[in-house]
Each structure stands twice: as C-alpha cells, then as structure tokens.
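Numbering (our numbering), first residue to last: -11 to 136.
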C-alpha cells in the first residue's frame, strides 16, 4: 500500500469510481476544486498501482485551530483492511503539523457505517442537526480534538 499526497490530476481517477464505490450517484459532492485547491492536504492510497482509497482534507483558512475531512472513500475490495483508519491518522498528522487542534466532518443521518466509523475514531457525534446544509438537509456533525 502506498499513501501519498493527492495531485490535481488524481481527480479523474477518483471521480470515475466514487459512484460505483457508493452504489449511488455521489460524484456531485466532489467537485474538481477540491483536487485543484486542497491537494496538498488530501491523500491518495494505491495498491499495486490501483486506486484503493482517498481522503479530501482541508486546513480551515478561517478557523486556525480546525481541520476538516470533506470526503473519504475506500475501494470495496480494500474495506475492512484498516485503510480508512490509516487515511484518517495521516490526515491527523498533517493537521497537527500545521498546529490544528480539532478535526471536523459531517455525514448524512442515514449513513450508519460512517457514523459508527467516526465514533470508533474518537469523534463526538451531534445530530441530526436540522437544516445543517439547508432546508431538508439534516446532517450528523462530528468533532474530535487532536492531541499533540
């Protein structure tokens, strides 16, 4: 397994698989701008040269103590291997190195797998937060302190 910083050109290979990985249309919440502007804080995992996972992370430009995980995906064949945990831990290291002390993320209230994963990773869970992303778009909100 190789994990490296993302590059703008990784967008095409990621967006080509996310709908299949999720089993539903999801690519619309992952526009190219994340790979163009946040590739330095995002990660790509490959196994034998094939995309195995990715994490899109942001060091908040407005909240200097906070970092945010926008999107994470693990190939179905790589699930259960600990890759998701490794991607999160690598992002935690990046955030710590930049002086960040909190990590945030969100997910849909129906995404039980994501909620359970974040709880196992030590995130506090709040929600569903009504209208978090606008009318009718309730979300679960995750927060986790980063220890030094």
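The C-beta atom is built at its ideal place from N, Cα and C for all residues, glycine as well.
These numbers come from a predicted model, not from an experiment.
Go through its chain and collect everything with a Cβ distance to residue i's Cβ below 6 Å, but skip five positions before and after it.
| i | result |
| --- | --- |
| residue 2 | 42 |
| residue 20 | -1 |
| residue -10 | 34 |
Give the secondary structure of residue i by DSSP, where H, G and I count as helix, E and B as strand, and everything else as coil.
| i | result |
| --- | --- |
| residue 51 | coil |
| residue 60 | strand |
| residue 117 | strand |
| residue 26 | coil |
| residue 155 | With the chain running from -11 to 136 in the structure shown, residue 155 is simply not present. |
| residue -4 | helix |
| residue 40 | strand |
| residue 14 | coil |
| residue 110 | coil |
Identify the continuous beta strand (DSSP E) that holds residue i and give its terminal residues.
| i | result |
| --- | --- |
| residue 131 | 127 to 133 |
| residue 137 | In the structure as shown, the chain starts at -11 and stops at 136, and residue 137 therefore has no counterpart that could be examined. |
Hey, out of the options, whose CA is closest to residue i's CA?
| i | options | result |
| --- | --- | --- |
| residue 117 | 61, 5, 127 and 135 | 127 |
| residue 131 | 71, 81, 61 and 92 | 92 |
| residue 115 | 26, 95 and 123 | 95 |
| residue 52 | 24, 88 and 15 | 88 |
Apart from the five residues just before and just after residue i, which ones in its own chain have a Cβ nearer than 7 Å to its Cβ?
| i | result |
| --- | --- |
| residue 80 | 91 and 134 |
Going along the chain, which residues of its own chain have a beta-carbon closer than 8 Å to the beta-carbon of residue i, five neighbours each way excluded?
| i | result |
| --- | --- |
| residue 197 | Look at the range of the chain in this structure, -11 to 136, and you will see that residue 197 is not part of it. |
Could you please give the first and the last residue of the uninterrupted alpha helix (DSSP H) stretch that includes residue i?
| i | result |
| --- | --- |
| residue 72 | 71 to 85 |
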